[in-house]
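Residue numbers (our numbering): 53 to 523.
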Ligand SMILES: [Zn+2]
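Spelled out as structure tokens, the structure:
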């Protein structure tokens with residue numbers, strides 16, 4: 053097979069370590085295949101398009117998607133027919149509102165009818181997501197296509213802070229490392245040049261080994277769940293450990309990056325801390341850029357709407373809204389006006405980087421991460437934990453079991469007494485929760501991370517509804 057032919061296909065990802073070493077000799081440009089490179093090359097140009105050209109592109113993609121959904125997806129045919137609509141009545145973005153929202157509940161009830169009839173079953177891949185802070189969801193995407201496109205988008209985003217294919221990365225993303233039983237907490241992937249580190253063994257006893265290993269590895273970047281790298285950073289700060297000199301940026305993924313985490317990571321790692329918003333459903337993507345920490349909504353990926361609790365578009369810049377997404381990259385199971393149950397705050401400005409993308413100031417996390425006050429108001433907790441809270445504390449977690457009540461679960465450092473810590477926390481948080489929630493403290497020995505290796509700062513046991521999104 054010629055290299056040109058090879059380039060049109062994607063090489064299977066080998067499971068055996070030995071094979072990975074052999075494959076790693078093949079240059080990256082031949083390893084990822086046509087879908088990846090077509091998407092990647094397109095994005096290199098489109099990111100600098102004018103607003104008008106981007107909107108024309110989106111409209112074109114939307115029309116194509118709606119026609120396809122009407123012709124090939126039984127659920128959407130029904131939705132159009134019930135409303136007496138045809139795809140061509142959607143002439144601009146406002147017309148999209150003629151179509152109903154797609155909720156996780158609707159997806160669960162209509163899973164089969166949401167799959168495009170003209171897409172071969174053998175090329176579908178079933179994906180499941182959620183559970184810890186959201187509603188578990190199962191859906192389909194195109195095997196070997198949806199994921200490769202995603203990778204091309206992500207690489208494009210990371211390149212804003214200097215990432216190139218073939219760079220060396222330390223990966224701290226909830227991976228289970230197979231060699232743990234042999235006393236080794238990391239694994240090397242020669243194909244991606246990744247040093248994959250276990251998120252499950254970051255104890256004070258073992259973290260010094262992690263740090264030595266990372267230093268030896270000389271990574272260009274660290275890819276991490278914010279909650280996992282925060283544990284490492286806090287340990288480095290407490291023990292006056294110097295940053296890793298080769299690291300150009302910490303690339304945060306899969307979790308919301310809180311502002312106190314960014315401050316801590318920048319202080320300890322002495323490099324750019326970069327984040328993006330994405331989800332397994334592959335309907336919306338937004339990343340920071342070279343010069344800003346605002347999330348730039350990727351228009352080539354899909355259409356993002358932000359809606360308030362009544363289901364209407366946001367009108368004010370600083371209003372909190374749910375992200376509603378229409379994705380262009382999975383025609384096998386189109387998500388049109390999908391309610392993500394993720395919350396964000398929009399910005400009306402344009403960024404000085406030169407991209408004509410719409411912006412979000414910050415992501416506020418999931419609907420299920422809101423706190424419910426005594427009078428039923430929903431409050432984001434994102435900005436409430438900050439660096440000062442950590443004095444004498446190893447771990448902290450908010451738990452809400454009853455409306456208007458918050459329990460702080462605290463793992464203390466040995467140096468402070470429980471009484472001292474309780475006074476400190478109540479002084480810090482008492483005024484913030486005043487009139488909203490009763491606050492109490494519970495000392496525990498250990499707070500485990502979730503099955504996926506993430507750490508949750510809020511465990512919300514009440515079902516939180518944001519304008520019917522749970523239906
Ligand atoms: Zn920018």
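Cβ atoms here follow ideal geometry from the backbone N, Cα and C, with glycine treated the same way. A quick note: this is a predicted structure, and the numbers were derived from the prediction, not measured.
- Item | Terminal residues of the beta strand (DSSP E) in which residue 348 lies | Annotation for residue 348: the continuous beta strand (DSSP E) segment containing it runs 347-349.
- So does residue 221 have its beta carbon nearer than 7 Å to some heavy atom of ligand 1? Not so, every heavy atom of ligand 1 lies at least 7 Å from the Cβ.
- Message: Using only Cβ atoms and a threshold of 6 Å, which residues come within that distance of a heavy atom of ligand 3? Order them by chain position.
- Response: Ligands in the displayed structure: ligand 1; ligand 3 is not one of them.
- Would you identify the three-state DSSP class for residue 463, choosing helix, strand or coil? Note: residue 463 maps to strand in three-state DSSP.
- Query: Quick one: what's residue 326 bridged to in DSSP?
  - Reply: DSSP lists 303 as the beta-bridge partner residues of residue 326.
- According to DSSP, is residue 579 helix, strand or coil? Coverage of the chain is limited to positions 53 through 523, which leaves residue 579 absent and any answer about it impossible.
- When the Cα of residue 280 is compared with those of 226, 291 and 296, which residue comes out closest? The residue with the shortest Cα to Cα distance from residue 280 is 226.
- Can you tell me which of the three DSSP states residue 377 falls into? Residue state, collapsed to three classes: strand.
- State buried or exposed for residue 515, treating a residue as buried only when at least 16 other CB atoms are found within 10 Å of its CB. If you draw a 10 Å sphere on the C-beta of residue 515, you find fewer than 16 other C-beta atoms in it, and that means exposed.
- Message: Let me check one thing: in DSSP terms, what residues is residue 424 bridge-paired to?
- Response: Residue 424 is bridged to 430.
- Determine the direct distance from the alpha carbon of residue 452 to that of residue 429, and round the result to whole angstroms. Cα-Cα distance, rounded: 14 Å.
- Message: Just to confirm my understanding: we take residue 181, look at its own chain, exclude 5 residues before and 5 after, and list those with CB closer than 6 Å. What are they?
- Response: So the qualifying residues of the chain are 189 and 332.
- Alpha-carbon to alpha-carbon, residue 149 and residue 480: If you take the alpha carbons of residue 480 and residue 149, they lie about 44 Å apart.
- Message: Measuring straight from C-alpha to C-alpha, what distance separates residue 475 and residue 488?
- Response: Their backbone Cα atoms lie some 19 Å apart in a straight line.
- Message: Excluding the 5 residues flanking residue 70 on each side, which residues of the same chain have their C-beta closer than 6 Å to its C-beta?
- Response: Excluding residues within five positions, none has a Cβ falling inside 6 Å.
- Does the separation of the CB atoms of residue 249 and residue 224 fall below 8 Å? The answer is yes: Cβ separation under 8 Å.
- Item | residue 174 versus residue 164: straight-line alpha-carbon distance, rounded | Each residue's Cα considered, the two are about 15 Å apart.
- Work out the CA separation of residue 254 and residue 362 for me, nearest whole Å. Approximately 43 Å, taken between the alpha carbons.
- Message: Tell me which residues share the same chain as residue 335 and place their Cβ nearer than 6 Å to its Cβ, disregarding the 5 neighbours each side in the sequence.
- Response: Once the five neighbours on either side are set aside, the close Cβ partners of residue 335 are 354, 377, 379, 387 and 390.
- Item | DSSP bridge partner residues for residue 399 (one or two, in chain order) | According to DSSP, which records beta bridges pairwise, residue 399 is partnered with 411.
- residue 118 lies in the alpha helix (DSSP H); which residues open and close that run? Bounds of the alpha helix (DSSP H) holding residue 118 are 103-124.
- Query: Does the distance from the C-beta atom of residue 321 to that of residue 285 stay below 8 Å?
  - Reply: For residue 321 and residue 285, yes; Cβs fall inside 8 Å.
- Query: What span of residues does the alpha helix (DSSP H) with residue 87 cover, start to end?
  - Reply: Counted as a single uninterrupted DSSP element, the alpha helix (DSSP H) harbouring residue 87 occupies residues 85-98.
- Message: For residue 59, which residues in the same chain have their Cβ closer than 6 Å to its Cβ, ignoring the five residues on either side in sequence?
- Response: Below a pLDDT of 50, predicted positions are generally treated as unreliable, and residue 59, at 45, falls in that range; the measurement from the model is reported next regardless. Same-chain partners within the cutoff: 82.
- Query: Are the segment 119-131 and the segment 416-431 in contact at 8 Å, needing three or more beta carbon pairs?
  - Reply: By the C-beta criterion, the segment 119-131 is judged not to be in contact with the segment 416-431, since fewer than 3 inter-stretch pairs fall below 8 Å.
- Message: Suppose only complete runs of 4+ residues qualify. What are the alpha helix (DSSP H) ranges in the segment 245-321, listed by chain order?
- Response: As far as the segment 245-321 is concerned, its whole alpha helix (DSSP H) runs of at least 4 residues are 259-269, 278-290 and 311-321.
- Report the rounded CA-to-CA distance for residue 53 versus residue 269, giving the unit in angstroms. Summary for residue 53: the model assigns pLDDT 47, below 50, so the residue's position carries little reliability, and this model does not support an answer.
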